[in-house]
Structures are given as structure tokens and as C-alpha cells.
Amino acid sequence: MMEHTKTEMEKLGCDVKLMDIGTQDIGGESLPLPPIILG
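Take 19 as the starting number for the sequence shown in the working numbering and just add one per residue.
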């Protein structure tokens with residue numbers, strides 16, 4: 019989903035970067051968080 023948004027923003031002329039924000043521990047399980055968009 020974020021990759022699609024990045025592509026669409028680039029089509030509009032934005033400089034875009036996807037940044038990994040790591041994981042979140044929930045109930046002893048480590049879940050990956052989606053990347054954020056900087057543009």
C-alpha cells in the first residue's frame with residue numbers, strides 16, 4: 019500500500035522516501051510496522 023502511494027506521489031513530482039520504523043511488541047510477539055512516507 020505504501021509503495022503504491024509513493025509511486026503516485028512521485029508521479030505528481032514529489033521527492034519521496036519510505037522509512038522503516040521497526041517493530042512493535044504485542045503480547046510477546048514482535049510485529050513489523052508498515053513503513054512511513056516522507057515527502
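The C-beta atom is built at its ideal place from N, Cα and C for all residues, glycine as well.
Same chain only: Cβ atoms within 7 angstroms of residue i, ignoring 5 sequence neighbours per side
i: Asp33; result: Gly57
i: Asp38; result: Pro53
i: Gln42; result: Leu49 and Leu51
i: Glu26; result: none
Cutoff 8 angstroms; reference residue i; Cβ partners in own chain excluding five residues on either side
i: Thr23; result: Ile55
Bridge partners - residue i, DSSP secondary structure assignment
i: Ile44; result: Glu47
Neighbourhood of residue i by C-beta distance below 6 angstroms, restricted to the same chain and skipping five residues each side
i: Glu47; result: none
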